[in-house]
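Residue numbers (my numbering): 76 to 315.
The structure is reproduced here in structure tokens:
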């Protein structure tokens, strides 16, 4: 596949890193309506099956459920705000990203390296996906998004996969941009993949990462401010 085809197929189009600028750039966004998990089918392929199995095996159930919510929220957001992204290869690439974006936070992985968890995760994911037969460009797109999935900021650009995973993770973790998803869709997704006190779980992970690696990339979000935002997630509080 030619370079231009790889860029188009696997979500390498550049979008604003700033979530404010990203949302302002939307063309004719629609008012979100209710979606069920059945309205957002999981892509089917041998690669997806292997990665789902890997994620279920390696991630704590709280993190696996979060990863699945990130997939569903991201597709729901895209359906009404960025529908042109939703090609089969893009959706599969985004699913792989959602499943693997927090692989660096497992107890084994977070303590086995001095790298920030996102960077370590990106390296693990790149190797895993290549070994499982993913196209190189797809593996690189997922790794890029895993590395940058906490890269919030006001300047520069990110890939379209990264842009959506940024929106979906801050939606699930801190309740940001609540108007992007219909309220009943939140109910439907959390019924399928319960939070299981995710806010407390993730706040603990933030603290562990910063204790182990005071230089970690998470520090750019402000350890105190980020933890407070996670624990103060009023949008998701009813589902904790």
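For glycine and all other residues, C-beta sits at the position ideal for the given N, C-alpha and C.
Given the structure is predicted, the values throughout are model-derived calculations rather than measurements.
Problem set entry | CA-to-CA distance, residue 205 to residue 198, given in whole angstroms | 11 Å
Exercise. Can you pull the DSSP bridge partners for residue 296?
Worked result: In DSSP, residue 296 forms no bridge with anything.
Exercise. Of the choices 98, 239, 276, 141, whose alpha-carbon is the least far from that of residue 87?
Worked result: 239
For this session: Indicate whether residue 233 and residue 218 have their beta-carbon atoms separated by less than 7 Å.
Result: no
Exercise. Do residue 278 and residue 302 come within 7 Å of each other at the CB atom, strictly closer than that value?
Worked result: yes
Exercise. Quick one: Cα of residue 213 to Cα of residue 126, how far?
Worked result: 13 Å
Exercise. Does the Cβ of residue 149 lie closer than 6 Å to at least one heavy atom of the ligand HEM?
Worked result: As for the ligand HEM, it is missing from this structure, which has no ligand bound.
Exercise. Does the Cβ-Cβ distance between residue 284 and residue 293 come in under 7 Å?
Worked result: yes
Exercise. Looking only at its own chain, which residues have a Cβ that is under 6 Å from the Cβ of residue 235, when we skip the five neighbours before and after it?
Worked result: 86, 88, 90, 160
Problem set entry | Distance between beta carbons of residue 170 and residue 146, contact taken as under 8 Å | 5 Å
Exercise. Thinking just about the alpha-carbon of each residue, which of 305, 281, 229, 311 is nearest to the one in residue 262?
Worked result: 311
Problem set entry | Proximity of residue 305 and residue 252 at Cβ, strictly below 7 Å | no
Exercise. In three-state DSSP terms, what is residue 218?
Worked result: helix
For this session: Quick one: measure Cβ to Cβ for residue 180 and residue 194, integer angstroms, because I've assumed they're closer than 8 Å.
Result: That belief does not hold up - the Cβ atoms of residue 180 and residue 194 are roughly 12 Å apart, past 8 Å.
Problem set entry | Residue range of the beta strand (DSSP E) that includes residue 241 | Unbroken run through residue 241 is the alpha helix (DSSP H), 235-249; no beta strand (DSSP E).
Exercise. Which one of 124, 259, 186, 269 has the shortest CA to CA distance from residue 207?
Worked result: 124
Exercise. Which two residues bound the contiguous beta strand (DSSP E) that contains residue 255?
Worked result: No beta strand (DSSP E) holds residue 255; DSSP gives it neither H nor E.
Problem set entry | Span separating the alpha-carbon of residue 220 from that of residue 167 | 13 Å
Exercise. Residue 146 bridges to which residues according to DSSP?
Worked result: Per DSSP, none; premise fails for residue 146.
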